[in-house]
Amino acid sequence: MTTMLRPGDSGYDNELAGFQTAVPRRPAVIVPAASAADVVEAVRYAGEHDLPIAVHSTGHGVGVPFEGGVLVTTQRMTGIRIDGDIARVDAGVRWGAVIEAAAEHGLAPLSGSFPGVGVVGYTLGGGFSLLSREYGLAADRVTAIEVVTADGELRRATPDTEQDLFWALRGGRDNFGIVTALEFRLVPVTRLYGGSLQFGTESLAAVLRAWRDWAAEMPRGMTSSLAMVPMPDLPMVPEPLRGQHVAQIRIAYLGDAAEGERLVAPLRAAAKVLGDTLAEIPFTESGKIANEPPFPHGYRADNATVSELNDAMLDAILEHAGPGAPVPTVVLLDLLGGALSDVPEHPGVDWDREARFTVRALSVVEDVSIAEIRSAHGKLFEALKPWSTGKLLTFVYGESDPAEEASKVYSPADLRRLAEVKAAVDPANRFRLTHNVVPANGTRILPGRYRR
């Protein structure tokens, strides 16, 4: 049997640690997997001992607390192979490694804003990338998935084999097994016109409206988001931004730099610019666009997809998450549309492809209680509810009922199909330590109440 760590063992706490530090987990057993064979062994062990099982790579996507069961860690599984425009990556690979490997072939992956995120969890949640308005979801470019299901068998799911499992994994995440490898198509991108524009507190209302109006006219090659970030008054923050509630407009444009300059000119004219990093950059530097913090921390987050961003919605965002809000909150508005609205040849679990924007809210768990964060987020999304079209499971990190989240994220038809696939591959609901899809005709078990 591969190495098994239990509470109190040397290395247990280090193995459990990840990027998200505010969702408590205390597995009875941790299995540090270095290969697909180790994952098979761990899943069979869980079955033999009637234990639930979960998986962890970088820990960015941890959303559900639990105690007991088996946790498989995959960060040692770091193999990457590129053949033509197909990348094959093992379960522990992060996007930064794929970006570098693909660049040697004049290609790029559909990676997100932070290169330190794990490829598998990101992709199984859909994968909204810096290139998404031109190329769609990362999940839609997956060609094969190798996964260990609850029976301890390693399966290969493709559009032609294990079709239902292939569909369910791309959006249903870790409800159906532990993915040991992914294969997906890369895209012919080597550079971007990208970076960000940053504005101060007094410009928030004007910049929100300017970005909203500007976004409606953008071509598919332009992917953009707007972040509202309360900056601390600390020496590590650049002087112009220190203590400001910053509006950061993020740009990733596939056209040439001259056209990029022309397209962003209305944004530069919207208000006084405090920071400007826009330039032509190699795709290998795409992580600098958002420049997100690389260190682990605790957070709670929620989101909604919306049909529009009208003035009433922008006012609500400023009221509940702006400078005067009682709970410091980072809000991210993402422009959708373009290829994200197209139906791909082999779609995964559906989402509202007609939605125009996402609204995401994230608050750091530090001096503010989780109850206060949940209340603040609740008020924000209640105010946006008349225009909300759904939500994305990728950006849900909290302590709400995991089964309830599944019913909010998936359409009734998709949830029924997911439950049927679950019943076929995991009838005992072994993979329930997540935002759980209950097997059709199955018994619901709350992950957080599990003790063994």
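Residue 450, in my numbering, is where the sequence shown stops; the numbers in between run on with no holes.
We put the CB at the ideal spot given by N, CA and C, even for glycine.
Just list the residues that DSSP pairs Arg24 with in beta bridges. DSSP output for Arg24 lists Glu65 as bridge partner(s).
Any contact of the segment 114 to 132 with the segment 171 to 184, i.e. 3+ C-beta pairs under 8 Å? Yes, they touch.
Whole-Å CB distance - Asp300 paired with His375, under 8 Å assumed: For a cut-off of 8 Å, the C-beta gap from Asp300 to His375 is around 5 Å, short enough to register as a contact.
Quick one: what does DSSP say Tyr10 is sitting in, helix, strand or coil? Look at Tyr10 here: in three-state DSSP terms it is helix.
Between the segment 154 to 164 and the segment 129 to 139, do three or more beta carbon pairs fall short of 8 Å? Between the segment 154 to 164 and the segment 129 to 139 there are fewer than three inter-stretch CB-CB distances shorter than 8 Å, so the stretches are not counted as touching.
Can you round the beta-carbon distance between Arg298 and Ala20 to whole angstroms, since I take them to be within the 8 Å contact cut? For Arg298 against Ala20, the beta-carbon gap comes to about 7 Å, under 8 Å, which counts as contact.
From Gly170, Val68 and Arg354, pick the residue whose C-alpha is nearest to that of Lys406; which is it? Comparing C-alpha distances from Lys406 to each of Gly170, Val68 and Arg354 shows the shortest one belongs to Gly170.
Using 8 Å for Cβ pairs, my map puts Ala31 next to Thr0. What's the rounded Cβ distance? With a Cβ gap of about 7 Å, Ala31 and Thr0 count as contacting.
Roughly how many whole angstroms lie between the Cα atoms of Asp340 and Glu215? Approximately 18 Å, taken between the alpha carbons.
Any chance you could list the beta strand (DSSP E) runs of at least 3 consecutive residues sitting entirely within the segment 94 to 156, in chain order? Secondary structure remark: continuous beta strand (DSSP E) runs of at least 3 residues inside the segment 94 to 156, in chain order: 140 to 146 and 152 to 155.
Return the Cβ separation of Val60 and Ala40 in integer angstroms, given the expectation that the two are a contact with Cβ distance under 8 Å. So it is not a contact: roughly 18 Å between Cβ atoms.
Among residues of its own chain, excluding the 5 on either side of Glu397, which ones have a beta-carbon nearer than 6 Å to its beta-carbon? The pLDDT assigned to Glu397 is 47, lower than 50, so where the model puts this residue is not dependable; a value taken from the coordinates is nonetheless given after this. Closer than 6 Å at the Cβ level, and outside the excluded window around Glu397, lies no residue.
Going along the chain, which residues of its own chain have a beta-carbon closer than 8 Å to the beta-carbon of Met229, five neighbours each way excluded? Cβ neighbours of Met229 beyond the five flanking positions: Val235, Leu239, Arg240, Gly241, Gln242, His243 and Val244.
Neighbour-count burial assignment, Gly35, 16 or more Cβ in a 10 Å radius: One point to set straight first is that residue 35 is Ala, not Gly, in the sequence displayed. Of the other Cβ atoms in all chains shown, fewer than 16 fall within 10 Å of the Cβ of Ala35; this residue is therefore exposed.
Neighbourhood of Arg218 by C-beta, 7 Å cutoff - its chain only, sequence neighbours within 5 removed: Excluding residues within five positions, the ones whose Cβ falls inside 7 Å are Arg131, Glu132, Gly336 and Ala337.
Three-state secondary structure (DSSP) at Phe393? The answer is helix: DSSP assigns Phe393 an H, G or I state.
Glu181 in three-state terms, based on DSSP: In this structure, Glu181 counts as strand in the three-state DSSP scheme.
Proximity below 9 Å, CB of Leu276 to CB of Val187: The criterion of a C-beta distance shorter than 9 Å is not satisfied by Leu276 and Val187.
Quick one: is Asn459 buried, meaning 16 or more other Cβ sit within 10 Å of its Cβ, or exposed? Nothing about residue 459 can be read from this structure; the chain reaches only from -1 to 450.
Suppose you measure from the CA of Val436 to the CA of Arg428; what does that come to, to the nearest Å? Those two C-alpha atoms are separated by around 10 Å.
Start and end residues, beta strand (DSSP E) containing Asp274: Val271 to Asp274 is the span of the beta strand (DSSP E), which, as asked, contains Asp274.
Applying the criterion that 16 or more other CB atoms from any shown protein chain within 10 Å of the CB defines a buried residue, is Leu232 buried or exposed? Its Cβ having fewer than 16 others within 10 Å, Leu232 is exposed.
Tell me, to the nearest whole angstrom, how far the beta carbon of Val419 is from that of Asp11; I am working on the premise that it is less than 8 Å. No, Val419 and Asp11 are not in contact; Cβ-Cβ is about 35 Å, not under 8 Å.
Pick from Thr56, Glu257 and Lys377: whose alpha carbon is nearest that of Ala302? For the residues Thr56, Glu257 and Lys377, the minimum Cα distance to Ala302 belongs to Lys377.
Taking the beta strand (DSSP E) that Asp81 belongs to, which residues open and close that run? Here the beta strand (DSSP E) through Asp81 covers Ile78 to Asp81.
Cβ-based neighbour list, His103, same chain, cut-off 6 Å, excluding 5 preceding and 5 following: Around His103, the same chain offers Ile80 as residues with beta carbons nearer than 6 Å, after the five sequence neighbours per side are excluded.
Could you check how far apart the C-beta atoms of Leu195 and Val271 are, in whole angstroms? I think they sit under 8 Å. With a beta-carbon spacing of about 6 Å, Leu195 and Val271 fall inside the 8 Å limit used to define contacts.
Compare the C-alpha of Val227 against each of Arg248, Val37, Thr221 and Val262 and name the closest. Checked all of Arg248, Val37, Thr221 and Val262; the closest Cα to Val227 is Arg248.
Just the C-alpha distance for Asp7 and Gly192, rounded to the nearest angstrom, thanks. Cα-Cα distance, rounded: 46 Å.
Looking at Ser409: is its Cβ nearer than 9 Å to the Cβ of Arg354? Arg354 is positioned such that its CB atom lies no closer than 9 Å to that of Ser409.
Count the other CB atoms within 10 Å of the CB of Asn439; is the residue buried (16 or more) or exposed (fewer)? By the Cβ neighbour-count rule, Asn439 is exposed, with fewer than 16 other Cβ atoms within 10 Å of its own.
Shorter than 9 Å from the beta carbon of Arg351 to some beta carbon of chain D? Chain labels in this structure do not include chain D; a single protein chain is all it has.
In whole angstroms, what separates the C-alpha of Val70 from that of Phe112? Each residue's CA atom was taken as its position, placing Val70 and Phe112 some 23 Å apart.
Between which two residues does the alpha helix (DSSP H) harbouring Tyr43 extend? DSSP places Tyr43 in the uninterrupted alpha helix (DSSP H) bounded by Ala34 to Glu46.
Rounded to whole angstroms, what is the Cα-Cα separation between Leu312 and Leu206? Distance from the CA of Leu312 to the CA of Leu206, rounded to the nearest whole angstrom, comes to 7 Å.
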